[in-house]
Amino acid sequence: MSVTPSGILAVYKHVDSASHAIRQLKEAGYKGFTVYTPVPNHEIAAAIGHPTSPVRLWTLLGGLFGCFSGFAITFWMSYDYPVVVGGKPLGSVPPYIVIAFEMTILFGGLATIMGLLFHTWREAKQTPYDPRCSDDHIGIFVPCPVERRPSVEQALKTAGAVEVRVE
Amino acid sequence: MSGGAHVDLRERGLHAPLRGHVVAGSVLAGVGLVTFIVGFSGSEPARAWHAYLINFLFFLGLTQGGIVFAAIQKVTKAKWGGAIIRFSEAGVAFMPVLLVLFVILFFGREHLFPWIAHPTPVRGNWLTTRWVFARDLFTLLVLSGVSIAFVWYDLKPDLAGARSLVKDWRGKLYDRITNGFTGTPEQVAENDRRIGWLSPLLIVLYAYGMTMIAFDLIMSLAPYWVSTLLGAFFFMGAHLSGLTTLALNMVYWRRQLGLESIIGRQQFHDLGKLVFGFSVFWAYTMFSQVLVIWYGNLPEETAFVFYRLWGAWRPVSILVAILVFLVPFWGLIWVKSKTTPFTFTLFSLVSLAGMWLERYLLVQPSITENGPEFGLTEIGVMLGFLGLYLLAYGAFARAFPMVSPRLAARAAELQH
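From first to last, the protein sequence lines stand for chains S and D. All the letters of the first sequence, read from the start, carry residue numbers 1 to 167 under the numbering used here. All the letters of the second sequence, read from the start, carry residue numbers 1 to 416 under the numbering used here.
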């Protein structure tokens, strides 16, 4: 699938100028821009702030499904092949909580990985990328309509971009 | 942090407003004393002593569990808690009071420990009045001693820094504690080395000592019941109550001392995560013990659990699970509820109330033939302990700086 030109990609050499640009974009009210960085960086993380990740919904749904399936499988097995152990009732909840708990963790974890892959894959397809961002540069991609381009370009450049181009 | 702000923090930490602690503390302690005296000289002396033991365990837990938070911060070399660490260390002033309260407990032993009237030869000499009280007093002495030493060395550099701002008795006290400490690199290294071995020692002694207390003051109330996990259950719950107490103190002092700029989102979020995590851990230890007893189905073990899960005590057990686990779990799972002072205070209070009820549930069903009783005696004695705690805490705040500019500056380095 080809990438359609939809915004502006700026490349930065320094963390300071990149985080400055991120703050300026946020102040101007831009949302939904993408930041690429070759290494995790506290300053950039702080500049981006704490946007809500869509992956957490995957974790919740996966966990709930796991919990449900843990109880379902234990109860189904107990009644499908009844063996009385230690004089306890067939469907005894206490030990099943352990299975349900582990299944919650397992499915929650797997769903998190799947959600992470799904969202990053989709974003990677939609946003342009500069290979230097895997080396020693920081990239910011801002999706914006044609009429807003000059102002965004200006802002990114004054923040200290090495290169600003329309993608 | 600039020099000006540094001096300002020193000044502010030394002048903590204490009227609330003194007034509320004295009134509550008075109320408690009156209730207790009326209680044990009235028709139900045993009931007053039961309430006394429950509150002794609860307040010992939240005091010592809070000091251990400071020790854990030192062991893990954590910086985020720099501005709030003193609020947990200040509880150390209550330790000597607890020692006195434990000695008073000795006079109520006939009302509390069934093995005094009905000796248990199956336990050998383990449960005899002299041996139980001797070893528990020793345990508490060691715990208080190491806690005081730990706080002493963590205070030292701050007292040296604040020495020029105090005079009279405070000046003499600071001179005594700093003992020539001026902040040279060698002295700082020596001080850090001392804290470096005192803090892990305190954590290990906490686990050991609180296990001893739990075995002697909770498990021995049902002398034929044994649980090796009870100690861990007791001291991890105590640590949770220490954390929630710290949360309340943090919210209170943050406003009283005007520390909004240095106690921010990060501290609320991190402490919230700890409270959340230990609520889950409490449920985990509780469940792992119940599960094993359920599986084994040995009569001498199940009696303790059955008595609490069925019959008159069932509602209390359910309430404890809701207050300590379910409400804080769903309440504090969100970032917003941890970082908002109001909701964080609310859920900390719920958790703390649940912990009190949990101590009540551990002690009371073993030593009374009645169902749950919750009346003036229980409330009054609890308020009395709370009053003594507030007075001791206020005394610490009167004597020592309530915020450490040195540690607060280290925490501030993280913010940018």
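Beta carbons: idealized from backbone N, C-alpha and C, even for Gly. Computed from a predicted structure; not experimentally measured.
- Checking the DSSP bridge columns, you'll see G139(S) partnered with V11(S) and Y36(S).
- Apart from sequence neighbours up to five positions away, the residues of its chain that approach S366(D) with a beta-carbon distance below 7 Å are L221 and A222, ordered along the chain.
- By the neighbour-count definition (other C-beta atoms within 10 Å, threshold 16), I67(D) is a buried residue.
- Relative to V152(S), the option among Y30(S), D80(S), K88(S) and G87(S) whose CA is nearest is Y30(S).
- Taking the Cα positions, Q24(S) is about 19 Å away from E147(S).
- For the region 267-298 of chain D, the residues whose beta carbon sits under 8 Å from a beta carbon of chain S are, in order, F287, V290, L291, W294, Y295 and N297.
- Here DSSP, grouped into helix, strand and coil, assigns V166(S) to strand.
- The Cβ atoms of F278(D) and L240(D) lie closer than 8 Å to each other.
- For P365(D), the enclosing alpha helix (DSSP H) begins and ends at P341 to I367.
- Residues of chain D with a Cβ closer than 8 Å to the Cβ of G86(S) are, in chain order, Y295 and N297.
- No Cβ-Cβ contact shorter than 8 Å links A100(S) with F75(S).
- Take V403(D), set aside five residues on each side of it, and the residues of its chain with a beta-carbon closer than 7 Å to its own are L9, R12, G13, A83, R86, L257 and L259, in chain order.
- Between P96(D) and S147(D), the CB-CB gap reaches or exceeds 8 Å.
- Not flagged as an interface residue toward chain D: P40(S), since no C-beta distance is shorter than 8 Å.
- Judged by DSSP secondary structure, R255(D) falls within the alpha helix (DSSP H) whose first and last residues are L230 to Q256.
- The three-state secondary structure of S69(S), taken from DSSP, is helix.
- Proximity of P145(S) to chain D, defined by a Cβ-Cβ separation below 8 Å, is not satisfied.
- When the Cα atoms are used, F107(S) and G49(S) turn out to be separated by approximately 29 Å.
- With a contact defined as Cβ atoms closer than 8 Å, T377(D) and A48(D) qualify at about 6 Å.
- Note on geometry: alpha-carbon atoms of E300(D) and Y307(D) lie some 12 Å from one another.
- Only residues of its own chain outside the window of five on either side were considered, and among them T178, F181, T182 and G183 have a CB closer than 7 Å to the CB of A160(D), listed in chain order.
- The C-beta distance from S351(D) to V324(D) rounds to 6 Å, short enough to fall under 8 Å.
- For the region 89-104 of chain S, the residues whose beta carbon sits under 8 Å from a beta carbon of chain D are, in order, P94, P95, I97 and V98.
- Counting every other CB atom within 10 Å of its CB across the protein chains shown gives H42(S) a total below 16, marking it as exposed.
- Listed in chain order, the alpha helix (DSSP H) elements of length 4 or more contained wholly in the region 83-123 of chain D are 85-89, 94-105, 109-112 and 114-117.
- Under the three-pair Cβ rule at 8 Å, the region 264-274 of chain D counts as touching the region 336-343 of chain D.
- Take the alpha-carbon of T127(S) and the one of L61(S): they are about 27 Å apart.
- Annotation for S279(D): the continuous alpha helix (DSSP H) segment containing it runs R265 to G296.
- Buried is the label assigned to A90(D), since at least 16 other Cβ atoms lie within 10 Å of its Cβ.
- With a 10 Å radius around the Cβ and a threshold of 16 neighbouring Cβ atoms, H21(D) comes out buried.
- Contact between the region 189-199 of chain D and the region 236-251 of chain D is absent: fewer than three C-beta pairs spanning the two stretches fall below 8 Å.
- Nearest Cα to F150(D) within the set I104(D), L101(D), G124(D) and Y206(D): Y206(D).
- When secondary structure is reduced to three states using DSSP, Y30(S) falls in the coil class, being assigned neither helix nor strand.
- Leaving aside the five residues that flank T285(D) on each side, the residues in its chain whose CB is nearer than 7 Å to its CB run, in chain order, L229, A232, F233 and M236.
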